[in-house]
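690 is the number of the first residue of the sequence shown in the working numbering; add one for each residue after it. Where a beta carbon is used, it is the ideal one built from N, C-alpha and C, also for glycine. Being a predicted model, the structure only gives us computed values, none of them experimental. Have a look at the structure below before the remarks.
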Amino acid sequence: MTQRIFAFERAHHAAWIGATGILLLIVTAWFNRPAAFQSWLFVWWFMLGIPLGSMALLMVHNLTGGDWGELIRPALETMTRTLPLVLLAAFPLLLDTRDLYVWARPADVNASVLLQAKSWYLNPLFFLLRNAICFIAWLWLAHALLKWSFARLHETDDAAALRLRAISAIGLLVYIVTVTVAAVDWVMSLNPAWYSTIFGLLAGIGQALSAFAAAIVCATWLFRGAALDRAPRDLPSRFHDLGNLLLMLVMTWAYLAFSQYLIIWAENLPNEIVWYLPRVQTGWVVLSLALVAFHFALPFLVLLSRRAKRAPQALGALAAMLLCAHLGDTYWTVMPAFRENGFAIGLSDFAAVLGLCGSWFALFLRCGREVSAQPVNSGRLLHET
């Protein structure tokens, strides 16, 4: 079965939405530049997780094999192709970090003993150097994974398959290190006094979850309507596998998030609870409870149902909800550092979501024009070669 999976003719609609959002964000930046950059940061961090999470899932599938991966692989590879644009979108944030980070403002550093002690690491020059290394590593990984993707097919030789396995094994290690560095730099350092050893792993699981949810939405989009007549006979069992894996990611994310909260709550140290105080003692608690409900409890209960996991449309709807919930989680993670007095949504937030998400989706549709769904049995288990 070969079928174009993405509606390229809709790309220009998404492009217009993205252009409108970016124009609106520029207008809001004219009146309140810091707020515009704060909104840009939270949406960019969310968007970055989709191609990076797709790369991680591709590497896992390259090492383990399985027909579940062949079903969503076209979407994962297409999302990986959007990585250069997502990284390019970080440059406005890199031009001047003083609007976002207190450690980038010399006057604040001179007035704080803590910032002076951490200035060997938290300084603009080293920040740019670390992120340049991370960006280069991610681009190299994306290029290598897409270049050698063919090696998973049965008709390729074992040497190519082993090369793809080696790239994936090394790449997973690189991914874990670089995502941890990026999470510390871009998000944790918004509160320089706070630290968490779980935070990098939590960010990585969140990226995998958002990418997996987006891939399920794309797979549901592929097998709908008349396309179901040409779908593989065991399609329900394939979606059942995807549902089980999605449940695993939801539970892992919840376990790590709760573990981080529980450890910090039990220790009750001033330099650790400072991150949670605005999130549980102000209006942000409403969003906290919503995340418990829609990022964990409801998906957990639905994914316990065998019928829901074997129904593509139901699973796709749940995945779409999880993707939106993860956007809310990113907002909850980033924005309280700037809005400590309580939950608030500004015009710049809507503009950034429209601008960045619309532009990314337009590129996604354009990249997907040349991508076709591979036969779901075309991949081989690379660990058997």
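Distance from Trp-964 to Asn-880 at the Cβ level is roughly 5 Å; contact confirmed, criterion being Cβ atoms closer than 8 Å. When DSSP states are grouped into helix, strand and coil, Leu-958 belongs to the coil group. Here DSSP, grouped into helix, strand and coil, assigns Leu-811 to coil. Note that the C-beta distance between Val-732 and Ala-1041 is below 7 Å. As summarised for the stretch 790–853, the continuous alpha helix (DSSP H) elements at least 4 residues long and confined to that stretch are 795–799, 802–806 and 813–836, given in chain order. Less than 7 Å separates the beta-carbon of Ser-899 from that of Gly-738. Beyond the five residues adjoining it in sequence on each side, Ala-871 comes within less than 6 Å, by CB distance, of Cys-823 in the same chain, given in chain order.
Around Val-939, the same chain offers Leu-898, His-984, Phe-985, Pro-988, Phe-989, Leu-992 and Leu-1011 as residues with beta carbons nearer than 8 Å, after the five sequence neighbours per side are excluded. With contacts defined by Cβ atoms closer than 7 Å, Ser-1037 and Ala-725 form a contacting pair. Ranked by Cα distance from Gly-860, the first of Ala-833, Thr-869, Cys-907 and Asn-960 is Ala-833.
In this structure, Ala-1051 sits away from Ala-764, with a CB-CB distance that is not shorter than 7 Å.
Non-local beta-carbon contacts of Asp-1018 in its own chain, meaning distances under 8 Å to residues more than five positions away in sequence, involve Gly-895, Leu-980 and His-984 in chain order.
The beta-carbon distance between Arg-927 and Leu-760, rounded to whole angstroms, is 5 Å. This is short enough to meet the 8 Å contact definition.
Here DSSP, grouped into helix, strand and coil, assigns Trp-875 to helix.
Around Leu-934, the same chain offers Trp-757 and Phe-901 as residues with beta carbons nearer than 8 Å, after the five sequence neighbours per side are excluded. DSSP, reduced to helix, strand and coil, places Phe-1027 outside both helices and strands of the structure shown, so it counts as coil.
Secondary structure at Ala-708: helix, using DSSP grouped into helix, strand and coil. Straight through space, the alpha carbons of Leu-803 and Tyr-790 are spaced by roughly 14 Å. Rounded to whole angstroms, the gap between the alpha carbons of Trp-827 and Leu-1054 is 21 Å.
The shortest C-alpha to C-alpha distance from Phe-735 to any of Gly-1031, Phe-1032 and Ala-1014 is the one to Ala-1014.
Contact between Leu-741 and Val-863 is ruled out by a C-beta separation of about 11 Å, above the 8 Å threshold.
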